[in-house]
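Below: the structure, in structure tokens.
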Amino acid sequence: MGVRVRQADQRDRDQVVRILEEAFHDDPVSGWVFPDEEHRRAVHGTFLGVFADITLEGGRIDLLEDGTATALWLSVPAGVPEKDDTPALMRATADPDNERAELVGRLTGAVHPHDRAHEYLLMIGVSPERQGEGIGEALMRGVLDRCDLEGLPAYLEASSARSRGLYERLGFVFTGQTVDLPHGPSMWPMWREPHG
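Count along the sequence shown starting at 1, add 8, and that's the number in the numbering used here.
Rendered as structure tokens:
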């Protein structure tokens with residue numbers, strides 16, 4: 009599939025957040041973090057904006073030129089990271105009274121592998137009207153091709169069975185330990201070795 013992708017910058021922040029907000033509104037994890045739909049509509053964009061800001065500062069955001077899809081990547085070095093304040097920032101910024109806004113980040117962080125440097129797909133979002141067209145796969149291809157070229161693995165957490173299937177087609181393998189949100193859905197940490 010031929011798609012035109014460019015690297016986003018600070019000027020694209022609001023568009024990136026809008027795409028993520030639309031793509032993740034009905035996602036099982038977003039529904040768990042913000043179970044009341046009206047409240048989710050009010051704070052979800054602010055919550056997702058934290059991911060956009062972190063990635064704009066230290067990672068790479070790929071954006072489909074037609075504004076219907078985006079992928080947020082971080083390069084993670086080998087070794088145990090210093091204390092990660094991101095989960096607390098997610099909660100403080102978006103929904104201070106909502107423990108789940110922080111807990112989801114703490115639980116995914118606890119299983120994130122750090123023994124090898126890798127590319128981390130923090131989030132990928134495709135506008136609902138374009139889902140199922142292969143856009144997500146096309147959007148990821150540039151970074152995955154670079155990973156293969158450089159011998160670098162990649163990592164992500166699938167938040168739904170549907171997305172897990174997409175990632176498996178791209179060579180990601182479930183690590184064997186789910187992230188089980190209390191009284192909520194599971195997430196599937198997935199690892200991809202570079203393809204020779």
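Idealized CB from N, CA, C, for every residue including glycine. From a predicted model like this one, the values you see are computed outputs, not experimental measurements.
*asked:* At the level of alpha carbons, what is the spacing between Y175 and A166?
replied: Answer to the nearest angstrom: the Cα atoms are 8 angstroms apart.
_Residues in the same chain with beta-carbon distance under 8 angstroms from Q185, minus the five sequence neighbours each way, listed in chain order, please._
Once the five neighbours on either side are set aside, the close Cβ partners of Q185 are V119 and P197.
_Let me make sure I understand the geometry here. Which of P202, R172, L129 and G173 has the alpha-carbon closest to that of D70?_
Comparing C-alpha distances from D70 to each of P202, R172, L129 and G173 shows the shortest one belongs to L129.
*Shortest alpha-carbon distance to R48 belongs to which of E29, G87, R172 and V58?*
Closest by C-alpha distance to R48, out of E29, G87, R172 and V58, is E29.
*asked:* Between I27 and T76, how many whole angstroms is the CB-CB distance? I'm expecting something under 8 angstroms.
replied: 7 angstroms between Cβ atoms; contact.
_Start-to-end residues for the alpha helix (DSSP H) that takes in Q15_ = Premise fails: Q15 lies in the beta strand (DSSP E), V13 to Q15, not in any alpha helix (DSSP H).
_For P197: DSSP bridge partner residues_ = In the DSSP output, where bridge partners are listed per residue, P197 has E165.
*What are the boundary residues of the beta strand (DSSP E) that includes G133?*
Start and end: H126 to V134.
*Within 7 angstroms, strictly: CB atoms of P202 and D153*: No, the pair does not count as a contact, with Cβ atoms beyond the cut-off.
*D34, buried or exposed, once every other Cβ within 10 Å from all chains shown has been counted against 16*: Residue burial annotation: D34 is exposed, with fewer than 16 other C-beta atoms found within 10 angstroms of its C-beta.
*asked:* Quick check on the burial criterion: 16 or more other C-beta atoms within 10 angstroms. Buried or exposed for E110?
replied: Under this definition E110 is a buried residue.
*G122 vs P161 beta-carbon contact at 7 angstroms*: It is His, not Gly, that sits at residue 122 in the sequence shown. In this structure, H122 sits away from P161, with a CB-CB distance that is not shorter than 7 angstroms.
_If we require 4 or more residues per run, which alpha helix (DSSP H) segments fall completely within the stretch 38-120?_
Within the stretch 38-120, the complete alpha helix (DSSP H) runs of at least 4 residues are 45-66, 94-102 and 108-119.
*Roughly how many angstroms separate the alpha carbons of F180 and Y163, rounded to a whole number?*
Roughly 8 angstroms between the two C-alpha positions.
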